[in-house]
Amino acid sequence: MLRFAVLLFCAGLALPGLANDAATVSQLAGVLSVRQLDGAVKLLALNSTVRAGDLLSTGPKSYARLKFVDGGELTLRPNTQLRIDDFRFEQDKPEQDNAFFQLLKGGLRAVTGLVGKRNNLAAYKMTTPTATIGIRGTNYGALYCQDDCADYQTNTGQVPANGLHVDVHEGQIVVSNALGSQQYQAGQFGFVGPNQPPLPVPASAGVPIATDRGINRPPETVLGEQADRQNFECTME
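Take the sequence shown: its position 30, counting from 1, is numbered 22 in this note's numbering, and each next residue is one higher.
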């Protein structure tokens, strides 16, 4: 009885969309939580909104897809932490566009929207502990490993090394840090180790994320088979 009352109360916390909403949780399998700027921590559900400043975390075996208001998407893999540093999009003000993210751990696939395409390519960036990813209108994958990628494989079945792994499905990306910059086209793979410049990687040694066809369990195999569950959003102490 108490659990039912809590769920009813928590369901009432979900608010209608606000002007500063960045994205909506469009698909979810498992656990997705958010720490907001005021320190509040919530469990998110389908149709929950996320905003600039939110720190998102997926649980083990959990996948979440975020649909952004500019048409872009981010699909988060298990044990991933992503911060939305800034996100601004107004249809009639392209000069104010911003989409700045931080991938702190784990992996994701990004399908970019209008931000970074219609006015200024520098309006989009994905920062990681070893390098920053810029876009040229694209669909790419990123995986940051720090002794926690035993469940992933390279195209030859090896455990990925510590550092940032990228691959491009469509378009191109530019990966940069203080030691250098490297451009990657569709079908190419890259790697940035600790204290190293971005490097091209042969396809045989690449880690497929955006281009995955089964080696690393594409999110669609999970998000397409969601289990029935209670859909609620709840603030946690």
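Ideal Cβ positions, reconstructed from N, Cα and C, are used throughout, including at glycine.
Note that the structure is a prediction, hence the values are computed from the model and not measured.
Integer-rounded CB distance, given that residue j should sit under 8 Å from residue i
i      : j      : result
Ile207 : Gln145 : 5 Å
Ala15  : Val42  : 5 Å
Thr237 : Leu100 : The structure shown does not extend to residue 237, since the chain is modelled only from -7 to 229, so the question has no answer here.
Cα-Cα separation, residue i to residue j
i      : j      : result
Pro8   : Asp62  : Residue placement at Pro8 is poorly supported in this model, since its pLDDT is 35, which falls under 50; the coordinates still yield a value, given next. Answer to the nearest angstrom: the Cα atoms are 18 Å apart.
Gly31  : Thr148 : 42 Å
Leu48  : Pro86  : 26 Å
Phe168 : Phe183 : What sits at residue 168 in the sequence shown is Ser, not Phe. Near 11 Å, if we compare the C-alpha coordinates of Phe183 and Ser168.
Leu113 : Ala102 : 15 Å
Lys109 : Leu171 : 26 Å
Leu74  : Arg128 : 21 Å
Ser196 : Asp46  : 36 Å
Gly105 : Gly98  : 22 Å
Leu29  : Val166 : 30 Å
Pro190 : Ala202 : 18 Å
His157 : Glu65  : 19 Å
Gly185 : Phe60  : 30 Å
Asn71  : Thr50  : 5 Å
Neighbour-count burial assignment, residue i, 16 or more Cβ in a 10 Å radius
i      : result
Val151 : exposed
Gln138 : exposed
Glu212 : exposed
Gln177 : exposed
Asn187 : exposed
Arg205 : exposed
Pro200 : buried
Asn12  : exposed
Pro52  : exposed
Gly179 : exposed
Span of the beta strand (DSSP E), counted from its first residue to its last, around residue i
i      : result
Leu35  : Val33 to Leu35
Glu65  : Glu65 to Leu68
Cys137 : Asn131 to Cys137
Ile125 : Thr124 to Ile127
Val26  : Leu24 to Arg27
Cβ neighbours of residue i in the same chain (closer than 6 Å, five flanking residues each side left out)
i      : result
Leu10  : Per-residue confidence for Leu10 stands at a pLDDT of 41, beneath the threshold of 50, marking its modelled position as unreliable; the derived number appears in the next sentence. Counting only Cβ-Cβ distances below 6 Å, and skipping sequence neighbours, we find nothing.
Thr119 : Gln94
Gln19  : Arg57 and Leu215
Val107 : Asp62, Phe81, Asp89, Ala91, Ala115 and Tyr116
Ala21  : Tyr55, Val214, Leu215 and Gln218
Gly163 : Arg128, Gly129 and Thr130
Phe79  : Ala14, Ala44 and Ala91
Residue i, enclosing alpha helix (DSSP H) - first and last residue
i      : result
Glu212 : Glu212 to Leu215
Beta-carbon contacts of residue i that lie in its chain and below 7 Å, excluding the five residues immediately before and after
i      : result
Gly198 : Thr146, Asn147, Asp159 and Phe181
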